[in-house]
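Trainee: First the structure, which I've put down as structure tokens, then a few questions once you've had a look.
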Amino acid sequence: MSIPSKYSAKEVEGKWYDYWMKHNYFHSEVDEREPYTIVIPPPNVTGVLHMGHMLNNTIQDVLIRRARLQGKNACWVPGTDHASIATEAKVVAKLKEQGINKSDLTREEFLKHAFEWKDQYGGIILEQLKKLGASCDWERTKFTMDDDMSEAVIKVFVDLYNKGYIYRGFRMVNWDPEAKTTLSDEEVIYEERQGNLYYLQYSIVDSDEKVTIATTRPETILGDTAICINPNDERYTHLKGKKAIVPLCNREIPIIEDEYVDVEFGTGCLKVTPAHDENDKVLGDKHNLEVIDIFNEDASLNSFGLHYEGKDRFVVRKEISKELEEKGFLLKVEQHTNKVGTSERTKAVIEPRLSDQWFLKMEELVKPAIEAVLGEDREVKLFPRKFENTYRHWMENIRDWNISRQLWWGQQIPAFYYGDGKEDFVVAESIEDALKLAQEKTGNSSLSTSDLTQDPDALDTWFSSWLWPMSVFDGIRNPENEEIKYYYPTNDLVTGPDILFFWVARMVIAGYEYKDQRPFENVYLTGLVRDKQRRKMSKSLGNSPDALKLIEDYSADGVRVGLLLSSAAGNDLLFDETLCNQGKRFGDKIWSAFKLTTLWEVSETIEQPQSSRIALDWYQAKFQKVLAEIEDHYSKYRLSDVIMSIYKLIYDDFCGWLLEIVKPGFQQPIDAKTYKEIIALFEDNLKILHPFMPFITEEVWQSIKERTPEEALIIAKYPETKESKEALIAEFDFASEVVAGIRTIRKEKKISFKETIDLVIVNNEKVSENFDNVIQKLVNIETLSYSSEKVEGALSFRVKSNEYFVPISADSINVEEEVKKITEELNYTEGFLKSVQKKLANERFVNNAPEQVVAGEKKKEADALAKIETLKASLASLQ
Numbered sequence: 001m002s003i004p005s006k007y008s009a010k011e012v013e014g015k016w017y018d019y020w021m022k023h024n025y026f027h028s029e030v031d032e033r034e035p036y037t038i039v040i041p042p043p044n045v046t047g048v049l050h051m052g053h054m055l056n057n058t059i060q061d062v063l064i065r066r067a068r069l070q071g072k073n074a075c076w077v078p079g080t081d082h083a084s085i086a087t088e089a090k091v092v093a094k095l096k097e098q099g100i101n102k103s104d105l106t107r108e109e110f111l112k113h114a115f116e117w118k119d120q121y122g123g124i125i126l127e128q129l130k131k132l133g134a135s136c137d138w139e140r141t142k143f144t145m146d147d148d149m150s151e152a153v154i155k156v157f158v159d160l161y162n163k164g165y166i167y168r169g170f171r172m173v174n175w176d177p178e179a180k181t182t183l184s185d186e187e188v189i190y191e192e193r194q195g196n197l198y199y200l201q202y203s204i205v206d207s208d209e210k211v212t213i214a215t216t217r218p219e220t221i222l223g224d225t226a227i228c229i230n231p232n233d234e235r236y237t238h239l240k241g242k243k244a245i246v247p248l249c250n251r252e253i254p255i256i257e258d259e260y261v262d263v264e265f266g267t268g269c270l271k272v273t274p275a276h277d278e279n280d281k282v283l284g285d286k287h288n289l290e291v292i293d294i295f296n297e298d299a300s301l302n303s304f305g306l307h308y309e310g311k312d313r314f315v316v317r318k319e320i321s322k323e324l325e326e327k328g329f330l331l332k333v334e335q336h337t338n339k340v341g342t343s344e345r346t347k348a349v350i351e352p353r354l355s356d357q358w359f360l361k362m363e364e365l366v367k368p369a370i371e372a373v374l375g376e377d378r379e380v381k382l383f384p385r386k387f388e389n390t391y392r393h394w395m396e397n398i399r400d401w402n403i404s405r406q407l408w409w410g411q412q413i414p415a416f417y418y419g420d421g422k423e424d425f426v427v428a429e430s431i432e433d434a435l436k437l438a439q440e441k442t443g444n445s446s447l448s449t450s451d452l453t454q455d456p457d458a459l460d461t462w463f464s465s466w467l468w469p470m471s472v473f474d475g476i477r478n479p480e481n482e483e484i485k486y487y488y489p490t491n492d493l494v495t496g497p498d499i500l501f502f503w504v505a506r507m508v509i510a511g512y513e514y515k516d517q518r519p520f521e522n523v524y525l526t527g528l529v530r531d532k533q534r535r536k537m538s539k540s541l542g543n544s545p546d547a548l549k550l551i552e553d554y555s556a557d558g559v560r561v562g563l564l565l566s567s568a569a570g571n572d573l574l575f576d577e578t579l580c581n582q583g584k585r586f587g588d589k590i591w592s593a594f595k596l597t598t599l600w601e602v603s604e605t606i607e608q609p610q611s612s613r614i615a616l617d618w619y620q621a622k623f624q625k626v627l628a629e630i631e632d633h634y635s636k637y638r639l640s641d642v643i644m645s646i647y648k649l650i651y652d653d654f655c656g657w658l659l660e661i662v663k664p665g666f667q668q669p670i671d672a673k674t675y676k677e678i679i680a681l682f683e684d685n686l687k688i689l690h691p692f693m694p695f696i697t698e699e700v701w702q703s704i705k706e707r708t709p710e711e712a713l714i715i716a717k718y719p720e721t722k723e724s725k726e727a728l729i730a731e732f733d734f735a736s737e738v739v740a741g742i743r744t745i746r747k748e749k750k751i752s753f754k755e756t757i758d759l760v761i762v763n764n765e766k767v768s769e770n771f772d773n774v775i776q777k778l779v780n781i782e783t784l785s786y787s788s789e790k791v792e793g794a795l796s797f798r799v800k801s802n803e804y805f806v807p808i809s810a811d812s813i814n815v816e817e818e819v820k821k822i823t824e825e826l827n828y829t830e831g832f833l834k835s836v837q838k839k840l841a842n843e844r845f846v847n848n849a850p851e852q853v854v855a856g857e858k859k860k861e862a863d864a865l866a867k868i869e870t871l872k873a874s875l876a877s878l879q
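Heads up, the sequence shown is in the UniProt record's numbering, so the first residue is 1 and it goes up one at a time.
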């Protein structure tokens, strides 16, 4: 087989992905093996691949491919979320382009358009994930509005309602005027914004007196139904029981007293608008105030808005403040910074609004979920643990979940109304079941389905995705089916900390409510992908690279490595495109190493050189040491440390040292024993690297020799961990320093590497001679000998207290330069010794530091003392 000189990712990646798909390696069925399950955080059906998705799904793919290599039954379930608000907005916009208004359509007609849109544009992101190499079980792809998934959602709603957890209530909610729907508290993001504080004067009825009120929202005065003062505020005692007149609309409103008012803020007088502020609503209920809603659903003013009817709230704010000033009601304006709630989806400023909505009681439901994460057993583990405090704060201060949305795209709430009263409804999974319940409730057997009207609202998207780990295995509708019993609970969840509340916590709640089990064991919370200036990547900033273009430029393997090289769990990733290039170059290095092995002629007759034998033993030991390290890193979800360890092992130790040591001489063959062992070690390297760089590793693996589909790398057997020979590794490390010292001499003295030299060793360290053959081969030494005395007239260097002499003619040595060099090294070593001895003289350090740390410092001291003695002796011989 002809091996191309250069690796071409464009040709390779599509070939192997198609091969993996053709042979069904990604698909999982229930069997006798240990399952390993991941469910994808379902991206919005509207989504396209961005850097956050790339990071998140690369991590998941690393974990699933590793599990596959370990012989586990790996199942990675992909899918998409219907994303009520975002998708409905896109469909409405598309219809508008066609001259169609949503209001002109029936629900069924709109949903037909929505599903057509979803079929045309939805799921693009899943196709893009294939370019990244994501090895999902595509046969299991789910969508949160698939019929079976929707059935599960409705079943859970009915069950929770029947248990008394779901109720309908008229409450102040967060209203998104752009999406025209209510939002849960978790979907509101509070931002500090610069605004104004407007000081307005209200006249007192039957008096010339005026009272000043400070407000950030002058447009809401049209909904004022009281002015409130603190009963302990002596400034306003005389106003008790009086009335004030609202500017512009001239409505008389009572002056009420309540200790809620902060006498220090503003003027100490509070305007009360119960329809547009949660705290004002509490005051309104307490004092039986009138409720006047001045906004339409799009936050334009309604008929209570006088001549501002139909205008947007922010337009009105400017215009009404101008009118108030012109008519003498506006006393002054001050700059004021306050927190403004915005919609997590549309970014619109939230309007508090009174509305009938459906709520889920959370107080009891959260208790098992709090214990699962924060209890002694830590049944669900968060990585990194710093997020446990965030989780605790949210769960212990949780409020009832507003689960209804004024949308059509989503599961329609299964509540059916049969009368005019607020309580004239039943909740059931179907209209037929609802009819039976309504007949029983009313005692009216003549009721028919035509008398029932289903609630028009849809359920919050998260109310479907909180069931995801169960519903993808049909665990809600068929709780005893073999798949839910085999694949659940899942193993790892990889997601961003920004949806710790929206999704992760709620899945834990649902898992304990419906399976009495955790939904997953480990939650790996990735950081956000930021640019080098630490800015969050976004389209608006123009700092987010095109994910597919990156793959085209640097290969999927290169991008995967580039992302993970700097992505520690829970810490933000400062994305730098040069890291992707580093990943690409790593791939090129591996290909060059493989290409080198194909150029060697293999001989069955020549014996294995001693240098090759010891080098192979060393690399086997080093491989085992690194394998143990990466297993430890995996257990802590430190994937950036895993890839860095593998990178150094292959790039430095395998390519940089081992291949150089075993490489046969020019036009000489390599012995068969060494070649066979090199290929076996190369294959082990490919196995541990495969989860990170699946394409190039499979290409090299399949190019080494002909393989059957059963022998593909993707399902190969992961290397077993064995005991590592630490002494052998230490001996090689010492030898590598000797090689570096000789290379430095050759370079400084311009001694050609083709020219043989002699080496004399004063072995003060009693170092093993195991690697002498390796040293001789790597730096072209003709004779290597040991001596108890220094060699006069030779170039020298030291490794610890060992001295190495390269005899050359006296004319080649510049005594002055040598003295200067040794003096500099002596000064540095003496300074280093002082710093170590200072640390060892510190009783606090010695008593509190781990034993191995103190031992390490003592060894540094001993090594420095030995080196100083040797340096002084060398200096004496030159003077």
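Idealized CB from N, CA, C, for every residue including glycine. Source: prediction; values computed, not measured.
Using CA atoms only, rank isn't needed, just tell me which of I38, P719 and E601 is closest to Q668.
Mentor: The count along the sequence shown starts at 1 and reaches residue 668 at position 668. Checked all of I38, P719 and E601; the closest Cα to Q668 is E601.
Trainee: Could you tell me the alpha carbon to alpha carbon distance between L639 and E309, rounded to whole angstroms?
Mentor: Taking the first residue of the sequence shown as 1, we reach residue 639 at position 639. Taking the first residue of the sequence shown as 1, we reach residue 309 at position 309. Approximately 58 Å between the Cα atoms of the pair.
Trainee: How big is the Cα-Cα spacing for D492 and N581?
Mentor: Taking the sequence shown and counting its residues from 1, one reaches residue 492 at position 492. Taking the sequence shown and counting its residues from 1, one reaches residue 581 at position 581. Distance between the alpha carbons of D492 and N581: 30 Å.
Trainee: Starting from Q201, trace the beta strand (DSSP E) in both directions and tell me its first and last residue.
Mentor: Counting from one through the sequence shown, the residue named residue 201 turns up at place 201. Per DSSP, Q201 belongs to the beta strand (DSSP E) from V188 to I204.
Trainee: For the beta strand (DSSP E) holding E792, just list the boundary residues, first then last.
Mentor: Taking the first residue of the sequence shown as 1, we reach residue 792 at position 792. From DSSP, E792 is part of no beta strand (DSSP E); its letter is neither H nor E.
Trainee: For I3, count neighbouring Cβ atoms within 10 angstroms of its own Cβ and tell me buried if that reaches 16, exposed if not.
Mentor: In the sequence shown, the residue the question calls residue 3 occupies position 3. Exposed, since its Cβ has fewer than 16 Cβ neighbours within 10 Å.
Trainee: Assign L330 to one of three DSSP states: helix, strand, or coil.
Mentor: Taking the first residue of the sequence shown as 1, we reach residue 330 at position 330. Of the three classes helix, strand and coil, the one that applies to L330 here is strand, per DSSP.
Trainee: In whole angstroms, what is the alpha-carbon distance linking W468 and D81?
Mentor: Translated into the one-based positions of the sequence shown, residue 468 becomes position 468. Translated into the one-based positions of the sequence shown, residue 81 becomes position 81. Taking the straight line from one Cα to the other gives about 10 Å.
Trainee: Exposed or buried, L795, counting other C-beta atoms within 10 Å across all chains shown (16 or more means buried)?
Mentor: Numbered from 1 along the sequence shown, position 795 holds the residue referred to as residue 795. Classification for L795: buried.
Trainee: CA-CA distance, I398 and L382?
Mentor: The count along the sequence shown starts at 1 and reaches residue 398 at position 398. The count along the sequence shown starts at 1 and reaches residue 382 at position 382. So the alpha carbons of these two residues sit roughly 19 Å apart.
Trainee: When the distance is taken between beta carbons, is Q411 closer than 8 Å to V153?
Mentor: For the purposes of this step, residue 153 is taken as residue 153 along the sequence shown, with counting starting at 1. For the purposes of this step, residue 411 is taken as residue 411 along the sequence shown, with counting starting at 1. In this structure, Q411 lies closer than 8 Å to V153 by Cβ.
Trainee: Could you check which residue in L301, P807 and M470 has the C-alpha nearest to that of D312?
Mentor: Within the sequence shown, the letter at position 312 stands for residue 312. Nearest option by C-alpha distance: L301.
Trainee: Taking C-alpha atoms, which residue in L599, D137 and A593 lies nearest to Y7?
Mentor: The count along the sequence shown starts at 1 and reaches residue 7 at position 7. The option with the nearest alpha carbon to Y7 is A593.
Trainee: Report the start-end ranges of each alpha helix (DSSP H) in the stretch 392-458 that is 4 residues or longer and not cut off at the edges.
Mentor: Whole alpha helix (DSSP H) segments, 4+ residues: 431-442.
Trainee: Tell me L374's beta-bridge partners as DSSP assigns them.
Mentor: Looking up residue 374 in the sequence shown gives position 374. In the DSSP output, where bridge partners are listed per residue, L374 has none listed.
Trainee: Is the Cβ-Cβ distance between K72 and R107 less than 8 Å?
Mentor: Your numbering for residue 72 matches position 72 in the sequence shown. Your numbering for residue 107 matches position 107 in the sequence shown. Against a cut-off of 8 Å, the Cβ pair of R107 and K72 comes out as no contact.
Trainee: Relative to the alpha-carbon of Y236, which residue among F692, G164 and E209 has its alpha-carbon at the smallest distance?
Mentor: Residue numbering aside, residue 236 sits at position 236 when the sequence shown is read from its first letter. Closest option to Y236, Cα to Cα, is E209.
Trainee: Please classify Q620 as buried or exposed, where buried requires at least 16 other C-beta atoms within 10 Å of its C-beta.
Mentor: Taking the first residue of the sequence shown as 1, we reach residue 620 at position 620. By the neighbour-count rule (16 or more Cβ atoms within 10 Å), Q620 is buried.
Trainee: Throw me the rounded Cβ distance for the G223 and I294 pair, which I believe falls under 8 Å.
Mentor: As a first step, residue 223 is located in the sequence shown; it is residue number 223 there, counting from the start. As a first step, residue 294 is located in the sequence shown; it is residue number 294 there, counting from the start. At roughly 4 Å, the Cβ-Cβ gap stays under 8 Å, so G223 and I294 are in contact.
Trainee: Is the beta carbon of T182 sitting closer than 8 Å to the one on R405?
Mentor: Taking the first residue of the sequence shown as position 1, residue 182 is located at position 182. Taking the first residue of the sequence shown as position 1, residue 405 is located at position 405. A contact, by the Cβ cut-off of 8 Å.
Trainee: Mind listing, in chain order, the continuous alpha helix (DSSP H) runs of no fewer than 4 residues lying wholly within the stretch 40-107?
Mentor: Runs found: 51-69 and 84-97.
Trainee: To the nearest angstrom, report how far apart V762 and K858 are at their CA atoms.
Mentor: Start at 1 with the first residue of the sequence shown, and residue 762 comes out as number 762. Start at 1 with the first residue of the sequence shown, and residue 858 comes out as number 858. Taking the straight line joining both Cα atoms gives about 24 Å.
Trainee: Check H113 in the structure and name its three-state DSSP category.
Mentor: Residue 113 sits at position 113 when you count from the first residue of the sequence shown. In the structure shown, H113 sits in a helix (DSSP, three-state: H, G or I).
Trainee: If we count Cβ pairs, one from each stretch, closer than 8 Å, do we get three or more for the stretch 389-396 versus the stretch 428-445?
Mentor: No, because fewer than three Cβ pairs between the stretch 389-396 and the stretch 428-445 fall closer than 8 Å, the two stretches do not touch.
Trainee: For the beta strand (DSSP E) that P4 lies in, which residues bound it at each end?
Mentor: Against the sequence shown, residue 4 aligns to sequence position 4. It is not in any beta strand (DSSP E) - P4 carries neither H nor E in the DSSP assignment.
Trainee: Should the stretch 21-39 be regarded as contacting the stretch 101-117, the criterion being three or more beta carbon pairs within less than 8 Å?
Mentor: No contact exists between the stretch 21-39 and the stretch 101-117.
Trainee: Taking the CB atoms as reference points, tell me whether L200 and L330 lie closer together than 8 Å.
Mentor: As a working mapping, residue 200 is identified with position 200 in the sequence shown. As a working mapping, residue 330 is identified with position 330 in the sequence shown. Contact flag set, yes.
Trainee: Considering only residues of the stretch 512-599, which uninterrupted beta strand (DSSP E) runs meet the minimum length of 3 residues and lie entirely inside it, listed in chain order?
Mentor: Complete beta strand (DSSP E) runs here, min 3: 520-525.
Trainee: Classify R193: buried if its beta carbon has 16 or more other beta carbons within 10 angstroms, exposed otherwise.
Mentor: Within the sequence shown, the letter at position 193 stands for residue 193. Exposed is the call here.
Trainee: Under the assumption that S343 contacts D176 (Cβ atoms under 8 Å), give the Cβ distance between them as a whole number of angstroms.
Mentor: On the sequence shown, position 343 is the one that residue 343 refers to. On the sequence shown, position 176 is the one that residue 176 refers to. With a Cβ gap of about 4 Å, S343 and D176 count as contacting.
Trainee: Please classify H307 as buried or exposed, where buried requires at least 16 neighbouring CB atoms within 10 angstroms.
Mentor: Working through the sequence shown from its first residue, we reach residue 307 at position 307. By the neighbour-count rule (16 or more Cβ atoms within 10 Å), H307 is not buried but exposed.
Trainee: By how many angstroms is the C-alpha of E13 removed from the C-alpha of F692?
Mentor: Residue numbering aside, residue 692 sits at position 692 when the sequence shown is read from its first letter. Residue numbering aside, residue 13 sits at position 13 when the sequence shown is read from its first letter. Their backbone Cα atoms lie some 14 Å apart in a straight line.
Trainee: Check whether the Cβ atoms of Q837 and S724 sit closer than 8 Å, and answer yes or no.
Mentor: Within the sequence shown, residue 837 is the residue found at index 837, counting from 1. Within the sequence shown, residue 724 is the residue found at index 724, counting from 1. Not in contact: Q837 and S724 (Cβ atoms no closer than 8 Å).
Trainee: Where does E635 fall in DSSP's three states?
Mentor: Translated into positions along the sequence shown, residue 635 becomes position 635. Here the sequence assigns Ser to residue 635, which means Glu is not the residue at that position. S635: helix per DSSP, three-state reduction.
Trainee: Of the residues T578, L681 and G558, which one's Cα is nearest the Cα of W618?
Mentor: Working through the sequence shown from its first residue, we reach residue 618 at position 618. Considering only alpha carbons, the answer is L681.
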